[in-house]
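Chemist: In my numbering, the protein residues as written are 2 to 327.
Below: one structure in C-alpha cells.
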C-alpha cells in the first residue's frame, strides 16, 4: 500500500471534487477506506454525514453488524428503511406541478398538510383540476421513466397517487412502503398495483439503481451511502449478537461490491464509501481480506504506487490523522 493520507485532506477532495462536483453532476463512484486508527472510522462517518447533509444529499448508513451486506436485497431494504418515501412523493408532485406550470415555491414538501389542497390554495385552482393535470402528467414522467425498473416505477407511481389521495391516511401508501422496506416481503400485498415480483437477490441491484435514480430525480443532489463492512473480515465469531460472515459470505460480499463497481455507469448521483479495517488488507489467502477475490482486487488496487504520497482520488485509500509514511 501507499502512504496514508491525512483524513482532512481526503475529505476536502471528496467534498470539492466529488460531492460538490462529479457526483452532483450525475456521476457515481465507490470508495474504500481503511483508517490506520480504529477511532478514525466514527470521525470519518460523522464528517461525511455533515458534508453530505449540508450539500443536500440523501445520506444513508449500512452496517455489516446488523445488515447482511453479502445480500443485495438486505442492503436495499436497509437503505429503504431510511428513506422518507412520502417526502419523495411530495417532492415529485411539486416538481410536476412546476412543469405544468403551477406556483409551488411557497409550499413546503416536508409539511404534513394535504399536498393537493396546498397547491390548489397557492394557485386559486380547484383541487380536482390539479389532480386531473397531475394524472395526465404522471405516466410520462414516472410510470414510463426508463431509468428505473418496471416494478419500482409502478410503486413510485402509486405512492404519488396515494399522496394525492390521502397521504398519511392512505392504506395504499402503507402497503407499498412496507413492501419496499422489507416489513412485508410478500408480493401478494402489492399485486393489485400490477407488481408481480418480490425483491430478492436476483433483482435487488436493479431496485438499488432505481432508488438512486429516483432520489436524483426528485431533486436531491444525490445519494451518499456509508457502508461499514468491518464485520465481514472477522476470522472468529465473537458471538456478540451481531452478524458473523463465513468465508463464502465474505466472497459474496466482495462479488456484490465488484458488481456495483461495474454498474456505476448505470447509477446516477451516487457516492458509496465502504469503511473497512486493516483486516481488509490482509494478503493471506487463508484470511478474509479482499485479496481472496481477485476480481475486486483488480478493480480497486493501485497498479502504480507512490511510496511518499498517497492518492486521494484512488478507489482504495488508507486514512490517518497525521501523515504516516510506510
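Don't be surprised by glycine CBs; every beta carbon is placed ideally from N, CA and C.
Within 10 Å of its beta-carbon, does residue 153 have 16 or more other beta-carbons around it, so buried, or fewer, so exposed?
Modeler: Translated into the one-based positions of the chain shown, residue 153 becomes position 152. It is buried - the Cβ of residue 153 has at least 16 other Cβ atoms within 10 Å.
Chemist: Residue 135 to residue 142, Cα distance in whole Å?
Modeler: Here residue 135 refers to the residue found at position 134 when the chain shown is read from its first residue. Here residue 142 refers to the residue found at position 141 when the chain shown is read from its first residue. Approximately 10 angstroms between the Cα atoms of the pair.
Chemist: Between residue 278 and residue 251, what straight-line distance do the alpha-carbon atoms span, to the nearest angstrom?
Modeler: Within the chain shown, residue 278 is the residue found at index 277, counting from 1. Within the chain shown, residue 251 is the residue found at index 250, counting from 1. Whole-angstrom Cα-Cα distance: 14 angstroms.
Chemist: Return the chain-ordered list of same chain residues with a C-beta closer than 7 angstroms to the C-beta of residue 197, the five sequence neighbours on each side being excluded.
Modeler: By one-based count along the chain shown, residue 197 stands at place 196. Only 188 meet the Cβ criterion.
Chemist: Give, in chain order, every unbroken run of the beta strand (DSSP E) that is at least 3 residues long and sits entirely within the region 13-91.
Modeler: Qualifying beta strand (DSSP E) stretches, in chain order: 29-36 and 58-64.
Chemist: I want to see whether chain B comes within less than 8 angstroms of residue 5, judged by CB atoms only; does it?
Modeler: Within the model displayed, chain B is absent; a lone protein chain is all it includes.
Chemist: Does the structure place the region 269-289 close enough to the region 223-233 that three or more beta carbon pairs sit under 8 angstroms?
Modeler: Contact holds: three or more Cβ-Cβ distances are below 8 angstroms.
Chemist: Count the other C-beta atoms from every protein chain shown that fall within 10 angstroms of the C-beta of residue 299, then say buried if there are 16 or more, exposed otherwise.
Modeler: For the purposes of this step, residue 299 is taken as the residue at position 298 of the chain shown. Exposed, because fewer than 16 other Cβ atoms sit within 10 Å of the Cβ of residue 299.
Chemist: Apart from the five residues on each side of it in sequence, which residues of its chain come closer than 6 angstroms, Cβ to Cβ, to residue 219?
Modeler: Counted from its first residue, the chain shown places residue 219 at position 218. These residues qualify, in order along the chain: 89, 92 and 93.
Chemist: Can you say whether residue 36 is buried or exposed, counting buried as having 16 or more other CB atoms within 10 angstroms of its CB?
Modeler: Mapped onto the chain shown, residue 36 falls at position 35. Counting Cβ neighbours within 10 Å, residue 36 comes out buried, since at least 16 surround it.
Chemist: With contact counted as at least three CB pairs below 8 angstroms, one residue from each stretch, are the region 24-31 and the region 251-271 in contact?
Modeler: Yes, the region 24-31 touches the region 251-271.
Chemist: Please go through the same chain and pick out, in chain order, the residues whose beta-carbon is closer than 8 angstroms to the beta-carbon of residue 1, but skip the five residues on each side of it.
Modeler: Past the edges of the chain, shown from 2 to 327, lies residue 1, and the structure says nothing about it.
Chemist: Please report the distance separating the alpha-carbon of residue 95 from that of residue 178.
Modeler: Locating residue 95 in the chain shown gives position 94, counting from the first residue. Locating residue 178 in the chain shown gives position 177, counting from the first residue. Approximately 20 angstroms, taken between the alpha carbons.
Chemist: Give the DSSP bridge partners of residue 223, in chain order.
Modeler: Working through the chain shown from its first residue, we reach residue 223 at position 222. Paired residue(s): 58.
Chemist: If you run the structure through DSSP and keep just helix, strand and coil, what is residue 314?
Modeler: Against the chain shown, residue 314 aligns to sequence position 313. Residue 314 falls in the coil class under three-state DSSP.
Chemist: Could you tell me whether the region 202-222 touches the region 55-67, where touching means 3 or more Cβ pairs closer than 8 angstroms?
Modeler: Output reads yes: the region 55-67 touches the region 202-222.
Chemist: Count the other CB atoms, across all protein chains shown, that sit within 10 Å of the CB of residue 40; report buried if there are 16 or more and exposed otherwise.
Modeler: To locate residue 40, count along the chain shown from 1; it is residue 39. Looking at its Cβ environment, which holds fewer than 16 other Cβ atoms inside 10 Å, residue 40 is exposed.
Chemist: Assuming residue 186 contacts residue 73 under a Cβ cut-off of 8 angstroms, what Cβ separation, rounded to an integer in Å, is found between them?
Modeler: Taking the first residue of the chain shown as position 1, residue 186 is located at position 185. Taking the first residue of the chain shown as position 1, residue 73 is located at position 72. Rounded, the Cβ-Cβ distance is 14 angstroms, inconsistent with contact.
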